[in-house]
Amino acid sequence: MPTTQTRHSKPVGKIIPAAQAKRHSIAQAKAVAPEVPVQLGSTPQTRFRGDPDIFGRLVQDHDQHRALLAMIAATRGESDERKKLFKELVKELKGHAAAEEQALWSTVMRNPKTTDDARHAVAEHKQIDDMLADLAARDMASPGWLRRFAGLREEYLHHIREEEQEQFVQAQKHLSDSDVRYMKQFFNRRKREEKAAAKVTIQIKH
3 MPTTQTRHSK PVGKIIPAAQ AKRHSIAQAK AVAPEVPVQL GSTPQTRFRG DPDIFGRLVQ
63 DHDQHRALLA MIAATRGESD ERKKLFKELV KELKGHAAAE EQALWSTVMR NPKTTDDARH
123 AVAEHKQIDD MLADLAARDM ASPGWLRRFA GLREEYLHHI REEEQEQFVQ AQKHLSDSDV
183 RYMKQFFNRR KREEKAAAKV TIQIKH
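If you're matching positions, the sequence shown starts at 3 in this note's numbering and goes up one per residue.
Now the structure itself:
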């Protein structure tokens with residue numbers, strides 16, 4: 003992984019308008035269950051949406067995850083749609099987190115100026131993974147499941163907002179153009195592999 007510590011001042015490649023990038027991400031989520039509405043509302047501002055580098059690529063996934071979370075919240079009971087969307091969410095979040103850690107945070111962690119941000123992000127990935135396993139172990143048709151899901155949704159939305167508005171901003175200052183190009187290519191490859199291998203873990207959280 004490249005480790006050149008020069009300021010990365012602008013995205014490398016063609017910038018996509020933020021609204022267009024967001025629509026594309028929502029469409030990816032919608033393809034999983036076309037009949038379920040996406041009541042997403044506004045999303046936090048980030049300067050990376052639509053950028054062609056690693057940070058724009060990560061935000062692309064984040065917007066897809068926001069849409070999946072909104073769609074699950076719109077489902078009822080132990081419906082086929084809820085099962086399908088939850089399985090997709092689990093595989094998406096696991097694949098994304100693993101690839102993000104390998105492509106971005108492993109390098110960022112080696113810089114003392116950004117070590118804490120990287121550790122914080124990785125620790126929250128573990129928290130979210132535990133919450134997914136807990137949800138998978140519980141009765142999806144019960145009112146309690148949706149309450150626990152709302153807790154997961156709140157936790158994850160906080161996590162990605164913090165990444166987009168704070169942690170990515172700091173990381174970008176210490177990465178070169180070659181870093182972010184390589185990271186995006188590496189992320190895309192690892193994301194495909196990690197998502198394909200991801201399993202729905204079942205474990206009650208105590």
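Even for Gly, the Cβ is constructed at its ideal location relative to N, Cα and C.
Just checking my contact of residue 102 with residue 60 at CB under 8 Å: how many whole Å lie between their CB atoms? The count along the sequence shown starts at 1 and reaches residue 102 at position 100. The count along the sequence shown starts at 1 and reaches residue 60 at position 58. Going by Cβ atoms, the distance from residue 102 to residue 60 rounds to 6 Å, so yes, they are a contact pair.
Beta-carbon spacing of residue 2, residue 171 below 7 Å: In the structure as shown, the chain starts at 3 and stops at 208, and residue 2 therefore has no counterpart that could be examined.
Taking 7 Å as the threshold (C-beta atoms), are residue 41 and residue 72 in contact? Here residue 72 refers to the residue found at position 70 when the sequence shown is read from its first residue. Here residue 41 refers to the residue found at position 39 when the sequence shown is read from its first residue. Contact annotation: residue 72 and residue 41 have beta-carbon atoms nearer than 7 Å.
Determine the DSSP secondary structure at residue 47, reduced to helix, strand or coil. Within the sequence shown, numbered from 1, the residue matching residue 47 stands at position 45. DSSP places residue 47 in coil when its eight states are reduced to three.
Taking all protein chains shown into account, decide if residue 51 is buried (16 or more other Cβ within 10 angstroms of its Cβ) or exposed. In the sequence shown, the residue the question calls residue 51 occupies position 49. By the 10 Å Cβ count, residue 51 comes out buried.
Consult DSSP for residue 153 and reduce its assignment to one of helix, strand or coil. Position 151 of the sequence shown, counting from 1, holds the residue named residue 153. Residue 153 falls in the helix class under three-state DSSP.
For residue 129 and residue 26, I'd like the C-alpha separation in whole angstroms. The count along the sequence shown starts at 1 and reaches residue 129 at position 127. The count along the sequence shown starts at 1 and reaches residue 26 at position 24. Rounded to the nearest angstrom, the two C-alpha atoms are 28 Å apart.
Three or more C-beta pairs below 8 Å linking the segment 185-199 and the segment 87-101: yes
Delimiting residues of the alpha helix (DSSP H) encompassing residue 190: Counting from 1 along the sequence shown, the entry for residue 190 is found at position 188. Element bounds for residue 190: 179-199.
Using the beta-carbon count (16 or more within 10 Å), is residue 58 buried or exposed? Locating residue 58 in the sequence shown gives position 56, where the first residue counts as 1. Buried is the call here.
Classification of residue 207 by the beta-carbon crowding that lies within 10 angstroms, buried from 16 upward: Position 205 of the sequence shown, counted from the start, is the residue given in the question as residue 207. The residue in question, residue 207, is exposed, as its Cβ has fewer than 16 Cβ neighbours within 10 Å.
For residue 35, I'd like the list of residues in its chain whose CB is within less than 7 Å of its CB, leaving aside the five on either flank, ordered along the chain. The count along the sequence shown starts at 1 and reaches residue 35 at position 33. Around residue 35: 73, 83, 86, 87.
Proximal residues to residue 205 (C-beta, below 7 Å), its chain only, five neighbours per side dropped: Numbered from 1 along the sequence shown, position 203 holds the residue referred to as residue 205. Only 135, 136, 139 meet the Cβ criterion.
Figure out for me which residue from 44, 93, 76, 118 has the closest Cα to the Cα of residue 209. Past the edges of the chain, shown from 3 to 208, lies residue 209, and the structure says nothing about it.
Measure the alpha-carbon distance for residue 166 versus residue 77 and round it to whole angstroms. In the sequence shown, the residue the question calls residue 166 occupies position 164. In the sequence shown, the residue the question calls residue 77 occupies position 75. Taking the straight line from one Cα to the other gives about 28 Å.
Taking the alpha-carbon positions, what's the residue 197 to residue 33 distance? Here residue 197 refers to the residue found at position 195 of the sequence shown. Here residue 33 refers to the residue found at position 31 of the sequence shown. Spanning the two alpha carbons is a distance of roughly 17 Å.
Going straight from the alpha carbon of residue 30 to that of residue 161, what length do you get? Within the sequence shown, the letter at position 28 stands for residue 30. Within the sequence shown, the letter at position 159 stands for residue 161. Looking at the two C-alpha atoms, the distance is approximately 21 Å.
Could you give the first and the last residue of the continuous alpha helix (DSSP H) run that contains residue 124? For the purposes of this step, residue 124 is identified with residue 122 of the sequence shown, where counting begins at 1. Going by DSSP, residue 124 is part of the alpha helix (DSSP H) stretching over 117-138.
Would you say residue 89 and residue 200 are within 7 Å of each other, going by their C-beta atoms? Start at 1 with the first residue of the sequence shown, and residue 89 comes out as number 87. Start at 1 with the first residue of the sequence shown, and residue 200 comes out as number 198. No, Cβ-Cβ distance for residue 89 and residue 200 is not below 7 Å.
Using the C-alpha atoms, what's the distance from residue 179 back to residue 111? Walking along the sequence shown from the start, residue 111 turns up at place 109. Walking along the sequence shown from the start, residue 179 turns up at place 177. Spanning the two alpha carbons is a distance of roughly 18 Å.
Could you tell me which of 47, 145, 202 sits nearest to residue 131, measuring between CA atoms? Locating residue 131 in the sequence shown gives position 129, counting from the first residue. Looking at the Cα atoms, 202 is the closest of the given residues.
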